[in-house]
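Working notes, structure below.
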Amino acid sequence: MGQKTLIIIDMLNDFLDPQGSLFGGEAARAIIPFVRDRLDVFRSSKDLVVYLQDTHAADDKEFERFPSHCVEGTWGGEIIPELTPLPQEPVIPKRRFSGFFETDLESVLRDKKLDEVEVVGVCTSICVMDTVGGLVNRDYRVAVPKKGVADINPDFHRFALDRMEQVYGVRLT
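Start counting the sequence shown at 270; every next residue gets the next number (the numbering used here).
Here is the structure:
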């Protein structure tokens, strides 16, 4: 039997803490216990856990569209304390929406003989959906638990879930 992998996307202070520069609101905070539970399940079964960490230079062009956030080396760009990675768990910095754009994600996953990749995190309509699209384009089977993703905009959240299910063929749980 192949391995499963949990990808945790952008569970960072700037998105999950009320003091963060792009706080995702209570909907984002509400997924923390579920994500923690999934993390515990994957760790106990010794399956691979991968963190994607939004990371930007102070002058990133993305800040023309969004407030400055997740600047490299700042508190806002750190993974929230409830989900602190273990030393053997890869933390992959990313500077764009997709976890595959100019990152090591593909090489981390490539030789694992994965049965399924489960994706949790924020923001459903941005980094989650773009990364899921990258997984599907690489022929991974993908599951997205509805209780494990959140978006600041409920309409965008619903659209992203529908698109991932109907267009990408993702299994929503």
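We put the CB at the ideal spot given by N, CA and C, even for glycine.
As the structure is a computational prediction, the values presented were derived from the model and not from experiment.
Alpha helix (DSSP H) segment containing residue i, residue limits
i	result
Gln-435	423 to 435
Ala-299	294 to 299
Leu-281	Careful: Leu-281 lies outside any alpha helix (DSSP H) and carries neither H nor E.
Val-405	398 to 406
Buried/exposed call for residue i, threshold 16 Cβ in 10 Å
i	result
Ser-367	buried
Val-318	buried
Gln-288	exposed
Limits of the beta strand (DSSP E) - the one that residue i falls within
i	result
Glu-387	383 to 391
Ile-277	272 to 278
Val-377	Counting along the chain, Val-377 falls outside any beta strand (DSSP E), though it belongs to the alpha helix (DSSP H) covering 374 to 379.
Val-340	No beta strand (DSSP E) contains Val-340, which DSSP labels as neither H nor E.
Tyr-320	317 to 323
8 Å Cβ shell around residue i - same chain, five flanking residues per side excluded
i	result
Ala-296	Ala-419, Asp-420, Ile-421, Pro-423 and His-426
Ala-299	Ala-419
8 Å Cβ cutoff met for residue i and residue j
i	j	result
Val-377	Leu-404	no
Lys-273	Leu-352	no
Leu-281	Gly-293	no
Any non-hydrogen atom of the ligand NAP within 7 Å of residue i CB
i	result
Phe-311	This structure lacks the ligand NAP; in fact it carries no ligand of any kind.
Own chain, CB closer than 6 Å to residue i, minus 5 neighbours either side, in chain order
i	result
Thr-442	Ala-412 and Pro-414
Exercise for the section: Decide if the segment 301 to 308 is in contact with the segment 407 to 427; the criterion is three or more beta carbon pairs, one per stretch, under 8 Å apart. Expected result: yes
Practice task
Could you tell me whether the segment 328 to 336 touches the segment 353 to 361, where touching means 3 or more Cβ pairs closer than 8 Å?
Solution key: no
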